[in-house]
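Residues in the sequence shown are numbered from 5 upward in steps of one, following the numbering used here.
Every residue, glycine too, gets a C-beta built ideally from N, C-alpha and C.
Since we're looking at a predicted model, the values are computed, not measured.
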Amino acid sequence: MSGPVEIVLVIAVIGYVLVRRLLGEPAEAKRLLVLPAILVVVGITDLAKEVHSPAVWAFTVASGLLSVAIGVARGASIRVFQRDGIAFLRYTAVTVVLLVATVVAKFGANVLFGLVDRQAAGAVPGNSLMLTLGLSLLAEGVIVLAKAVRGEGRIIWQRGRNGAGHRTAPWLDDLQRRYSGRDAR
5 MSGPVEIVLV IAVIGYVLVR RLLGEPAEAK RLLVLPAILV VVGITDLAKE
55 VHSPAVWAFT VASGLLSVAI GVARGASIRV FQRDGIAFLR YTAVTVVLLV
105 ATVVAKFGAN VLFGLVDRQA AGAVPGNSLM LTLGLSLLAE GVIVLAKAVR
155 GEGRIIWQRG RNGAGHRTAP WLDDLQRRYS GRDAR
């Protein structure tokens, strides 16, 4: 994927996620897990095609671990609450600061890598951006789901469309029964 197209896609993903989650939305497991997983797969696929340097792979792993750590912190900062029997999530001010920190850390790490190994850094540009963003959002989603599993509201797999009921997943209901000490409906 080209640099400018990838950057536009990343900005669109961040904007979409930010607006929806600042307003508060159901803790939809599909959105918390599938979109980030797709970003991870796209990022790995792009990197596998273009990157062959061990230094670049080491840098990518290090920046990926940093992204996961910030994603875990973001997940911990998200407010999970119940509304109408459903688990909801809402970003807090700390979450937004950590989201900005994710982007700053990624670009800062790229600059640092460029200072350490200018030639190898040229192979990185935006190629690892999808991967690190996906890893960060996936870590956030896992933490939010872990909080929701122990909470009051039911976790849904996918929100119902056009008046249809919400879709649930038996494995989520089972997790909630097991960890919340109550029956998931």
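In angstroms with no decimal places, state the Cα-to-Cα distance between residue i and residue j.
i: residue 163; j: residue 17; result: 19 Å
i: residue 105; j: residue 95; result: 15 Å
i: residue 25; j: residue 161; result: 16 Å
i: residue 87; j: residue 60; result: 45 Å
i: residue 82; j: residue 57; result: 37 Å
i: residue 188; j: residue 139; result: Caution applies to residue 188, whose pLDDT of 48 falls short of 50 and renders its modelled position unreliable; the model cannot decide the point.
i: residue 115; j: residue 185; result: 48 Å
i: residue 13; j: residue 27; result: 22 Å
Verify the contact flag: residue i, CB atom, against every heavy atom of the ligand ATP, threshold strictly below 8 Å.
i: residue 68; result: For the structure depicted, the ligand ATP is absent and the ligand set is empty, with no information on it obtainable.
Pull up the CB-CB distance for residue i and residue j, whole angstroms please, since I reckon it's below 8 Å.
i: residue 142; j: residue 40; result: 4 Å
i: residue 91; j: residue 158; result: 6 Å
On the CB-based measure, 16 or more other CB atoms within 10 Å of its CB, does residue i come out buried or exposed?
i: residue 119; result: exposed
i: residue 68; result: buried
i: residue 168; result: exposed
For the segment 32 to 41 and the segment 139 to 152, state whether three or more C-beta atom pairs, one from each stretch, are separated by less than 8 Å.
-> The segment 32 to 41 vs the segment 139 to 152: in contact.
What are the uninterrupted segments assigned as beta strand (DSSP E) that are 3 or more residues long and contained completely in the segment 60 to 109, given in chain order?
-> Every beta strand (DSSP E) stretch that sits fully inside the segment 60 to 109 and reaches 3 residues is listed by chain position as 83 to 87 and 90 to 94.
Counting Cβ pairs closer than 8 Å, one from the segment 71 to 85 and one from the segment 165 to 184, do we hit at least three?
-> The count of Cβ pairs closer than 8 Å, one atom from the segment 71 to 85 and one from the segment 165 to 184, stays below three, leaving the stretches out of contact.
Count the C-beta pairs between the segment 52 to 61 and the segment 96 to 115 that are closer than 8 Å, then say yes if the count reaches three, no if not.
-> They do not touch, by the three-pair rule.
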